[in-house]
Amino acid sequence: MKLYATVLPYLLLISFYTYDFDRFAEIHYSAINESAYHGLTIPLINAYDIKQPTDSELTVYADRHERFAKKDVWPWLFLNRFVGNKGEAPEVAVSDRGVVEPFTLIAGMDLNNTTGAMDAFKKLYTDALKLARQTRSPGVVIDPEPYNNRNAYHLNYLATQHNMSKKEVAQKLEQYGAELAAIAHNTYPEATIWFTFSNLWLYLKSADQPADQPGDQTSITHIVLGMLKRSKAHGYSLKIVSGGQTSLRYCSESAAHLKTKITKRNEDYKPLSGNYPALALGGTITLWDKPENKKAWLLEKPDCLASDAKYLCDFFPYLKELFTSYDHMFIYAATASGYNPFNKEIGNIYNPLLQSSLDYRAAASQERQIELKIRK
Numbered sequence: 006m007k008l009y010a011t012v013l014p015y016l017l018l019i020s021f022y023t024y025d026f027d028r029f030a031e032i033h034y035s036a037i038n039e040s041a042y043h044g045l046t047i048p049l050i051n052a053y054d055i056k057q058p059t060d061s062e063l064t065v066y067a068d069r070h071e072r073f074a075k076k077d078v079w080p081w082l083f084l085n086r087f088v089g090n091k092g093e094a095p096e097v098a099v100s101d102r103g104v105v106e107p108f109t110l111i112a113g114m115d116l117n118n119t120t121g122a123m124d125a126f127k128k129l130y131t132d133a134l135k136l137a138r139q140t141r142s143p144g145v146v147i148d149p150e151p152y153n154n155r156n157a158y159h160l161n162y163l164a165t166q167h168n169m170s171k172k173e174v175a176q177k178l179e180q181y182g183a184e185l186a187a188i189a190h191n192t193y194p195e196a197t198i199w200f201t202f203s204n205l206w207l208y209l210k211s212a213d214q215p216a217d218q219p220g221d222q223t224s225i226t227h228i229v230l231g232m233l234k235r236s237k238a239h240g241y242s243l244k245i246v247s248g249g250q251t252s253l254r255y256c257s258e259s260a261a262h263l264k265t266k267i268t269k270r271n272e273d274y275k276p277l278s279g280n281y282p283a284l285a286l287g288g289t290i291t292l293w294d295k296p297e298n299k300k301a302w303l304l305e306k307p308d309c310l311a312s313d314a315k316y317l318c319d320f321f322p323y324l325k326e327l328f329t330s331y332d333h334m335f336i337y338a339a340t341a342s343g344y345n346p347f348n349k350e351i352g353n354i355y356n357p358l359l360q361s362s363l364d365y366r367a368a369a370s371q372e373r374q375i376e377l378k379i380r381k
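Rendered as structure tokens:
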């Protein structure tokens, strides 16, 4: 029996403006309560932390949600918890502290649970699912980006670090994914596990290569694939969303360009969507209200630079394409755009556009239902 009724299309907020559960207060809930979003993500711990919340802390988080939240709260997890860098890999993301212990003890990924990081993530994941179930949230969000070490994307790098073949690495990762699916089934059987991206399209791109030569398949791919395989084999009721960060990306040159990407992506995913009932595709985009507020990567990525969306109102055709194509949508409120959704003054600039986009989808769906009835 489901614990909630999920609204579709579902609009989710993801932003690094968000404090983790420890610091997320009534004022932050209040800002989102007045927004067009159906839910928001809150990190259980941040991407570079190793803290394990206590049972009493989780109780406080749930109580705070009951008192202040009018929207769904999705616990937000980071696979970076078991990604490490011993100093030989310069490909790291920005962290105020840099890469510190115990991450410096991990060779790429803690595939053999040598430092206990894989088990630590499973505990966080279990706690997040329990919290989601207790607060009647649809599920949890997983950010799979290996912030500590970009090389951890690559199977050949992990194989070298652990003296394994690529095939063995892929098998290890798929087994871990299978364990994550089993944990979700046992903890929250109807949960949605929403990955910001899965890179499954890379698996399809190189699936015709020999098993021990998986080309540009990534570590993330095999974790998600393991979840899908276990869910199918055991008839789980889980939903696993591939969010689109790497296949659609956050920016497009135009709405027509975005439509082309959506069409290609949907076609590319047909073999997997047809084979794995748990898999759902989601859409994503980042927004800005005016060009002078763009900075950092929004001034570096080609599609972001070339976008014909200069002002916020220009994004409506983009959102129409996304909302008519996907039932699961997340907006990445980027610090690089200055879109701080917890600042009510700023949030109020964006909310009318988001609500109009949801209204458009609702009207289009109603029109389609009427058309189908007429045809009958």
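Residue numbers 6 to 381, in the working numbering, belong to the letters of the sequence shown in order. Built from N, CA and C at the ideal position, the CB exists for glycine as well.
For K244, DSSP records a beta bridge to T197. In the three-state reduction of the DSSP assignment, F26 falls in the coil class. By the beta-carbon neighbour count (other beta carbons within 10 angstroms, threshold 16), I50 is buried.
With contacts defined by Cβ atoms closer than 8 Å, N156 and Y162 form a contacting pair. In terms of Cβ geometry, V174 and L160 form a close pair [threshold 8 Å]. In chain order, T289, I290, T291, Y337 place their CB closer than 7 Å to the CB of Y255, counting only its own chain and leaving out the 5 sequence neighbours on each side. When secondary structure is reduced to three states using DSSP, G144 falls in the strand class. Taken through DSSP and simplified to helix, strand or coil, T59 comes out as coil. Scanning its chain for C-beta atoms nearer than 7 Å, with the 5 sequence neighbours on each side dropped, one finds around K325 the residues S362, Y365, in chain order. Counting only runs that start and end inside the stretch 228–284, the beta strand (DSSP E) elements of at least 3 residues fall at 244–247. Secondary structure of Y344 (DSSP, three-state): coil. For W79, the secondary structure class from DSSP, reduced to helix, strand or coil, is strand. Here the alpha carbons of L286 and Q360 stand approximately 21 Å from one another. Excluding the 5 residues flanking it on each side, P322 has same chain C-beta neighbours closer than 6 Å at A260, in chain order.
Judged by DSSP secondary structure, P322 falls within the alpha helix (DSSP H) whose first and last residues are 321–330. In the three-state DSSP reduction, F108 falls in the helix class (H, G or I). The residue among L207, N271, D294 with its C-alpha nearest the C-alpha of L230 is L207.
Secondary structure of H43 (DSSP, three-state): coil.
By the CB criterion at 8 Å, A125 and H167 fall outside the cutoff. Counting other Cβ atoms within 10 Å of its Cβ, P276 stays below 16 and is therefore classed as exposed. Within the DSSP bridge table, the entry for T289 names F335 as partners.
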